[in-house]
Structure formats: structure tokens, C-alpha cells
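Heads up: the structure comes next, in C-alpha cells.
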Amino acid sequence: MKTTEIRIVVHEFENIGELPEADQVLLREARRVTSMAYAPYSGFHVGAAVLLGNGTVVTGNNQENSAYPSGLCAERVAMFYANANYPDSDIKSIAVSAAKNGILVGESVKPCGACRQALAEAEVRFNRPIRIILDGKDAILVLQGVESLLPLSFSKKDL
Ligand code: THU
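Okay, so the sequence shown: first residue is 5 according to my numbering, each after it adds one.
Below, the structure written as C-alpha cells:
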């Protein structure tokens with residue numbers, strides 16, 4: 005038997021002003037679109053902003069449905085829009101923010117498993133690690149690559 009340890013790296017920032025300028029701009033966009041989410045069932049409003057390699061920023065927010073599984077998370081709305089409209093452009097970074105009753109969540113927002121898998125697909129597709137910025141009042145987390153969110157992930161290499 006052999007045991008290996010997988011190391012994940014998470015950078016923690018106290019507030020938006022501490023982030024590098026490019027991350028600040030992207031996170032402000034994520035915060036801006038959070039209020040436009042359609043989330044009448046959960047009341048949990050999420051906004052995502054994606055920076056493409058070509059410099060374009062696209063945004064998305066969660067879109068819920070009375071048939072719950074038919075809804076979609078903010079991250080995938082933004083990423084799928086990016087891939088649908090700029091299929092040749094890689095994804096450089098994504099910022100995610102979330103609010104309850106219009107107030108930024110305390111603990112940093114964490115993408116669901118399906119969104120992590122979609123991020124992993126984009127990394128493999130464009131062969132570029134995606135910088136991930138996760139907003140919260142207590143801390144803003146920054147991860148360099150989906151490997152730190154989804155270790156041992158399944159990808160086309162496994163097919
Ligand atoms: N949600 C997102 O949009 N992104 C996340 O990172 C976490 C969860 C949405 C899905 C659903 O509309 C609501 O938040 C509650 O789960």
C-alpha cells in the first residue's frame with residue numbers, strides 16, 4: 005500500500021482592494037450581475053464573470069426553474085455563454101460572488117461539483133489553468149487552476 009498526499013493551494017485575501025487589479029475588475033463584474041440572478045426558489049443570488057484570453061469579459065448568474073433541476077448555476081451560465089460565442093478563446097479566469105437578501109455571503113462562495121467539472125473541461129479544452137476568484141465577506145479565495153477545487157478529476161484523458 006502506498007499513500008500519497010494531494011496538495012491544494014488557496015490564496016486568501018481580506019477584501020477586494022487587496023486583489024491584483026485585474027481580479028478586482030472581474031470580481032466587481034461578478035458582484036454587479038449577482039443582483040440580476042433569477043433565484044426565486046432559493047433566494048441565493050450568484051453572479052459569475054469570466055475573463056477570456058482575448059480580453060473579453062462575459063457574465064452570468066443563476067437561473068432557477070420551478071422544476072428545480074432545470075435551473076443552472078451562474079458559473080455554467082457564464083462559461084457556456086463564453087464557449088458558445090467565443091469558441092476559439094481560452095478562459096483565463098472566473099470570479100464568483102453570491103448574496104443572500106442582497107448581502108454578500110460571509111463564508112466564500114464555493115462552486116458546486118457540476119460547475120467544477122465544467123471548469124475542468126474548459127481547462128483541458130484550452131490547455132490553460134483557470135484562475136478562480138471566490139467572493140465572501142470573511143475572505144476572498146483565489147485558486148490557480150481547477151486542480152485545487154477538483155483533485156483527481158475525470159477528463160477526456162480518462163476515456
Ligand atoms: N449556485 C450557483 O449558481 N453557483 C454556486 O456556486 C452555488 C450554487 C446556485 C444554484 C441555485 O440556483 C442556488 O445557487 C442555490 O443552490
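Note that the Cβ used here is the ideal one computed from N, Cα and C, for glycine as well.
What is the rounded straight-line gap between the Cα of residue i and the Cα of residue j?
i: Ala102; j: Ser93; result: 26 Å
i: Met40; j: Arg132; result: 30 Å
i: Tyr45; j: Pro91; result: 32 Å
i: Gly47; j: Glu18; result: 26 Å
i: Asn69; j: Lys104; result: 18 Å
i: Leu145; j: Leu31; result: 11 Å
i: Thr63; j: Ala43; result: 16 Å
i: Lys6; j: Ala34; result: 42 Å
i: Ile10; j: Leu156; result: 9 Å
i: Gly106; j: Leu163; result: 43 Å
Classify residue i as buried or exposed, calling it buried when 16 or more other Cβ atoms lie within 10 Å of its own Cβ.
i: Phe158; result: exposed
i: Lys96; result: buried
i: Glu16; result: exposed
i: Gly140; result: buried
i: Asn87; result: buried
Is it true that the CB of residue j sits closer than 8 Å to the CB of residue i?
i: Leu138; j: Ser112; result: yes
i: Ala99; j: Ala53; result: yes
i: Gly164; j: Thr60; result: Nothing can be reported for residue 164: it is not among the residues displayed for the chain, which extend from 5 to 163.
i: Lys160; j: Val109; result: no
i: Ala124; j: Leu154; result: yes
Going by DSSP, what residues sit across from residue i in a beta bridge?
i: Phe48; result: Lys104
Under 8 Å, with one C-beta from each stretch per pair, do the stretch 67-81 and the stretch 119-137 reach the 3-pair mark? Yes, the stretch 67-81 is in contact with the stretch 119-137.
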